[in-house]
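This report concerns only the one structure given below.
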Amino acid sequence: KAGVTQTPRYLIKTRGQQVTLSCSPISGHRSVSWYQQTPGQGLQFLFEYFSETQRNKGNFPGRFSGRQFSNSRSEMNVSTLELGDSALYLCASSLKSSPYGFDEQFFGPGTRLTVL
Amino acid sequence: AQKITQTQPGMFVQEKEAVTLDCTYDTSDQSYGLFWYKQPSSGEMIFLIYQGSYDEQNATEGRYSLNFQKARKSANLVISASQLGDSAMYFCAMREGNYKLSFGAGTTVTVRA
Chain A
1 KAGVTQTPRY LIKTRGQQVT LSCSPISGHR SVSWYQQTPG QGLQFLFEYF
51 SETQRNKGNF PGRFSGRQFS NSRSEMNVST LELGDSALYL CASSLKSSPY
101 GFDEQFFGPG TRLTVL
Chain S
1 AQKITQTQPG MFVQEKEAVT LDCTYDTSDQ SYGLFWYKQP SSGEMIFLIY
51 QGSYDEQNAT EGRYSLNFQK ARKSANLVIS ASQLGDSAMY FCAMREGNYK
101 LSFGAGTTVT VRA
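Chains as they are written, first to last, in the numbering used here: chain A, 1 to 116; chain S, 1 to 113.
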């Protein structure tokens, strides 16, 4: 069974540009979550989608948005990039989505975004 | 306030020895889940072990065990018989009733031969 894939793996952009990251979950998984990882802030939750609906959103500005398609693939968009958006963006998928119980999330390898 | 606290930024352990990674959490929910993940230098997060707030027994998965002390809000990870491949960053995380995972700052483990 193929794991979670993220494209592209590496990306270099300049300030003010926008970027779209893609995540393909494990086949059959309906939940996709996105996380930002930086040395200063650590791992922070961005948002979670389940069956094309955003169920929760972290404390990020509106420049960060996402969506999920009917095949469960998800995209994350960041508009008007800032230097501080440089980070590893991780996507995770799970079969269902339990609010607090056991729900193993399988992470992708991440997209490393560098903003110059 | 921090929901997950990992007080050990880095630890060294001798190969074949056990190591305990500390994790304390803060929540007012009765129902929650605690997770440990491993992140090697390659970047991807690897699920290790889960403990539910209502689970009475400590979780174990192979060489990993979770020392769950609910009253102290503590969920320490114990790695037994350390191997060189265990060198990585380890994250404690919690999910409350809102779907999202809150992560600690992580602990870097270096296993010495």
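Note that CB positions come from ideal geometry on N, CA and C, so glycine has one too. In this text the structure is predicted, and so the values were computed from the model without any measurement.
Cutoff 9 Å: residue i Cβ touching any chain A Cβ
i      : result
S/Y37  : yes
S/S65  : no
S/L101 : yes
S/Y25  : no
S/R72  : no
S/F68  : no
S/F47  : yes
S/E44  : yes
S/G104 : yes
S/G10  : no
S/G33  : yes
Straight-line gap, residue i to residue j (C-alpha atoms, nearest Å)
i      : j     : result
A/S33  : A/T53 : 12 Å
S/R95  : A/S93 : 15 Å
S/L84  : S/G10 : 15 Å
S/V111 : S/Q39 : 14 Å
A/S79  : A/Y10 : 17 Å
A/D103 : A/Q6  : 20 Å
S/N76  : S/S31 : 18 Å
S/L48  : S/S41 : 16 Å
A/Y89  : A/L81 : 14 Å
A/F60  : S/A71 : 33 Å
A/G35  : A/L46 : Here residue 35 of chain A turns out to be Tyr, not Gly, going by the sequence shown. Those two C-alpha atoms are separated by around 5 Å.
A/Q68  : S/G43 : 24 Å
A/G28  : S/E15 : 39 Å
S/M89  : A/L95 : 26 Å
S/G106 : A/S22 : 26 Å
For residue i, the nearest candidate out of the options (CA to CA)
i      : options                         : result
A/Q37  : A/D85, A/N77, A/L95 and A/P61   : A/D85
S/T24  : S/P40, S/T7 and S/K38           : S/T7
A/S51  : A/N59, A/L21, A/S74 and A/L83   : A/S74
A/A87  : A/S72, A/G28, A/P39 and A/Q17   : A/P39
A/I26  : A/A2, A/P61 and A/S70           : A/A2
A/V115 : A/V4, A/P8 and A/K13            : A/K13
A/S70  : A/R30, A/R112 and A/T111        : A/R30
S/F68  : S/Q57, S/G62 and S/Q14          : S/Q57
S/I4   : A/S22, A/L113, A/L43 and A/K96  : A/L43
S/S28  : S/K73, S/T60, S/Y64 and S/A88   : S/K73
A/R63  : A/T111, A/N56, A/P8 and A/Q17   : A/Q17
S/A81  : S/Q2, S/F12, S/A18 and S/V13    : S/A18
S/G97  : S/Q2, S/F91, S/G33 and S/V13    : S/G33
S/E61  : S/L101, S/Y54, S/F12 and S/W36  : S/W36
S/I79  : S/Q51, S/L101, S/Y54 and S/V109 : S/V109
Residue i at chain S interface by Cβ criterion, 9 Å
i      : result
A/P109 : yes
A/Q18  : no
A/R112 : yes
Near the ligand MN: residue i beta-carbon under 8 Å from a heavy atom
i     : result
S/G52 : The ligand content of the structure shown is nil, which means the ligand MN is not present either.
Note to self: Give me the subset of the region 22-42 of chain A whose CB atoms are less than 9 Å from a CB atom of chain S, sorted by chain position.
What the structure shows: Residues passing the 9 Å Cβ filter: S31, S33, Y35, Q37 and G42.
Margin query: In chain order, what are the residue ranges of uninterrupted beta strand (DSSP E) at least 3 long that sit wholly in the region 23-111 of chain A?
Written below: The DSSP assignment places 31-38, 42-50, 53-57, 64-68, 74-78 and 87-94 as complete runs of the beta strand (DSSP E) inside the region 23-111 of chain A, in order along the chain (cut-off: 3 residues).
Next item on the list: Anything in the region 75-92 of chain A with a Cβ closer than 9 Å to a Cβ of chain S? List those residues in chain order, please.
Entry: Within the region 75-92 of chain A, the residues whose Cβ lies closer than 9 Å to some Cβ of chain S are L88, L90 and A92, listed in chain order.
Margin query: Give me the subset of the region 42-75 of chain A whose CB atoms are less than 7 Å from a CB atom of chain S, sorted by chain position.
Written below: Answer set for the region 42-75 of chain A: G42, L43, F45, E48, R55, N56 and G58.
Notebook entry, point to check: What residues in the region 76-93 of chain S have a beta carbon less than 9 Å from any beta carbon of chain A?
Noted result: Taking 9 Å as the Cβ-Cβ cut-off against chain A, the residues of the region 76-93 of chain S that qualify are F91 and A93.
Notebook entry, point to check: At which residue ranges does the region 19-93 of chain S contain complete beta strand (DSSP E) runs of 3 or more residues, listed in the order of the chain?
Noted result: Listed in chain order, the complete beta strand (DSSP E) runs (minimum 3 residues) inside the region 19-93 of chain S are 19-21, 33-39, 46-52, 64-69 and 74-79.
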